[in-house]
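What follows is one structure encoded as structure tokens, with my remarks underneath.
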Amino acid sequence: MVVSLRDRLYRTNAVVLARQDYGEADRIFILYTPSGGKLSAIAKGVRRPKSRMGPHLDYFTEVSLELAKGRSLDVVTHAATVNAHLGLRSDIDAYGHAAHFAELVRHLTHDRQENRQVYELLASSLSLLNDGVAAWPVARHFELNLLGLLGFRPELFRCINCLKTLEPEANAFSNRLGGMLCPACRTVDPSAVAVSLDAQK
138 MVVSLRDRLY RTNAVVLARQ DYGEADRIFI LYTPSGGKLS AIAKGVRRPK SRMGPHLDYF
198 TEVSLELAKG RSLDVVTHAA TVNAHLGLRS DIDAYGHAAH FAELVRHLTH DRQENRQVYE
258 LLASSLSLLN DGVAAWPVAR HFELNLLGLL GFRPELFRCI NCLKTLEPEA NAFSNRLGGM
318 LCPACRTVDP SAVAVSLDAQ K
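Per this note's numbering, numbering through the sequence shown is continuous, rising by one, with the last residue being 338.
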């Protein structure tokens, strides 16, 4: 049965995570969408100087897309910028953190697995960086919430070893075990890092 172009078309917003040149003038994009999760799509002719879509498909841009379902790759047929995040291009620290966010989402999520909360977290975190909010707290907020949404949140309120509720004392974080250790259990992981009382708050 032949499927018409109209039946293959769909619209979605997306954040551009990565891109790769393909052929003489095309480019393949890795996108994260609210309802389709992570997907790959090709934009044909987008590298030509007169391409109307090219400026809308830059790194970390939030875009409104029209795509046609393809056999192996969907095809971008229209793109319009929702938020270009131009402020990232003038702040190397913010840009580096945006790249870090994109890599985490790219490598920790599965293709075509819907997670609207991940999309909203990514889009809002990029907007905070773009608006000049200090990158370090934005990054920690993004990382912890992304891990939580994907089922990997570290244990921060109970000792990962004895499960006792943590008191405000000399606790430490074990990267190997994925959570906090109380003073009595700290020897379980000699590489655990001491966490200040201010940080524990």
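Where is the CB? At the ideal position from N, CA and C, for every residue including glycine. Note that the coordinates shown come from a computational prediction; the quantities given were computed from them, not determined experimentally.
The beta carbons of residue 154 and residue 168 sit about 6 Å from each other, so the pair counts as a contact at 8 Å. Under the three-pair Cβ rule at 8 Å, the stretch 267-277 does not count as touching the stretch 288-304. Residue 177 is bridged by DSSP to 167.
Annotation: residue 331 to residue 274 spans about 19 Å, alpha carbon to alpha carbon.
Taking a 10 Å sphere around the C-beta of residue 324, we find fewer than 16 other C-beta atoms and assign the residue as exposed. Between residue 280 and residue 316, the CB-CB gap reaches or exceeds 8 Å.
As the crow flies, the alpha-carbon of residue 165 is around 6 Å from that of residue 178.
The bridge partners DSSP lists for residue 256 come to none. Proximity of the stretch 186-204 to the stretch 145-163 meets the contact definition, three or more beta-carbon pairs being nearer than 8 Å. For residue 304, no beta strand (DSSP E) run applies, since DSSP gives it neither H nor E. Cα atoms of residue 248 and residue 174: separation of roughly 6 Å, rounded to the nearest angstrom. Within its own chain, the residues whose Cβ lies closer than 7 Å to the Cβ of residue 282, once the five positions on either side in sequence are excluded, are 258, listed in chain order.
Around the Cβ of residue 222, a 10 Å sphere holds 16 or more other Cβ atoms; the residue is buried. Beta-bridge partners of residue 215 (DSSP): 203. The shortest CA-to-CA distance from residue 204 to any of 238, 225, 149, 253 is the one to 149. When rounded, the separation of the alpha-carbon atoms in residue 193 and residue 289 is 33 Å. Listed in chain order, the non-local C-beta contacts of residue 329 below 7 Å within the same chain comprise 309, 310, 311, 318, 323, local neighbours out to five positions each way being set aside. In the structure shown, the three-state DSSP call for residue 232 is helix. Residue pairing for residue 332: DSSP places it in no beta bridge. Beta-bridge partners assigned by DSSP to residue 316: 292, 311.
With fewer than 16 other Cβ atoms from the protein chains shown falling within 10 Å of its own Cβ, residue 334 counts as exposed.
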